[in-house]
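K.L.:
Residue numbers (the numbering used here): 295 to 473.
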DNA sequence: CCCTGATTCGC
DNA sequence: GCGAATCAGG
């Protein structure tokens, strides 16, 4: 990716607004957070005085001569595929529960399901370890993602994973019971 | 481990 | 100039 004037402007703006380098990288796209940080320094923009990082000792001298390191991957984790068949326009978690869990399955009455506390993350705040369960109407600005800690490499937290991946036999039972 | 920014240096 | 590798700190 090329640092066009326009992209540099966006970088300056976002950096001044206090976004982290990784968030800016995600927003600009096509660059790593390292690239963003490097650019920030080259532009001689004011650093974060004291937050997070500290003065590093820098890289130890040459060592990657023979490396030819394989490029890790510029993560392009977009939104996860929609898990459930309905309720795209649901406004809140509670509604998802009613529609998908209560009706579809033979609801277990007193199961100790812990409803996660939504962190209301926006798209650019998602990482590979945050729950990507969409909440709200994507067309309105109250739309956000659950953002809870996701299990293992799952795109969802444990709670939403249960809603997303209902075993076939569960659904069948529910359907039979209804009919 | 997750994240943050900082630095060096091969390209 | 660019940014991956690496470091150091929360």
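Glycine is no exception: its CB is placed at the ideal position from the N, C-alpha and C atoms. No experiment lies behind these values; they were computed from the predicted model shown.
(1) With C-beta atoms as the reference, is residue 327 less than 8 Å away from residue 315?
(2) With burial defined as no fewer than 16 other Cβ atoms inside 10 Å of the residue's Cβ, what is the status of residue 302: buried or exposed?
(3) Where does residue 333 land, buried or exposed, given buried means 16+ other C-beta within 10 angstroms?
(4) For residue 422, which three-state DSSP category applies?
(5) Return the residue from the list 422, 437 and 463 that minimises the CA-CA distance to residue 448.
(6) Taking its Cβ as the centre, do 16 or more other Cβ atoms sit within 10 Å of residue 462, making it buried, or is it exposed?
(7) Considering residue 317, what are the terminal residues of the alpha helix (DSSP H) in which it resides?
(8) In three-state DSSP terms, what is residue 251?
(9) Name the two residues that bound the continuous alpha helix (DSSP H) containing residue 299.
(10) Given a cut-off of 8 Å on the beta-carbon distance, is the pair residue 450 and residue 425 in contact?
(11) Identify, in the order they occur along the chain, each residue of the same chain with its Cβ nearer than 6 Å to the Cβ of residue 331, setting aside the five sequence neighbours on each side.
(12) Below 7 Å CB to CB, which residues in the same chain sit around residue 325 once its five sequence neighbours on both sides are set aside?
(13) With residue 342 as the anchor, note down where its alpha helix (DSSP H) starts and where it stops.
(14) With a threshold of 16 other CB atoms inside 10 Å of the CB of residue 312, please say whether the residue is buried or exposed.
P.N.:
In short:
(1) With respect to residue 315, residue 327 sits close: the two C-beta atoms are nearer than 8 Å.
(2) Residue 302 counts as exposed, since fewer than 16 other beta carbons sit within 10 angstroms of its beta carbon.
(3) In the assembly as shown, residue 333 is a buried residue. Its beta-carbon has 16 or more other beta-carbons within 10 Å.
(4) When DSSP states are grouped into helix, strand and coil, residue 422 belongs to the coil group.
(5) It is 422.
(6) With fewer than 16 other Cβ atoms within 10 Å, it is exposed.
(7) Where residue 317 is concerned, the enclosing alpha helix (DSSP H) stretches over 315-322.
(8) Shown here, the chain extends from 295 to 473; a query on residue 251 therefore has no answer.
(9) Residues 299-310.
(10) For the pair residue 450 and residue 425, the CB atoms are nearer than the 8 Å cut-off.
(11) Cβ neighbours of residue 331 within its own chain (closer than 6 Å, five residues either side excluded): 315.
(12) Cβ within range, chain order: 295 and 319.
(13) Note, residue 342: premise wrong, no alpha helix (DSSP H); not H, not E.
(14) Per the 10 Å Cβ criterion, exposed.
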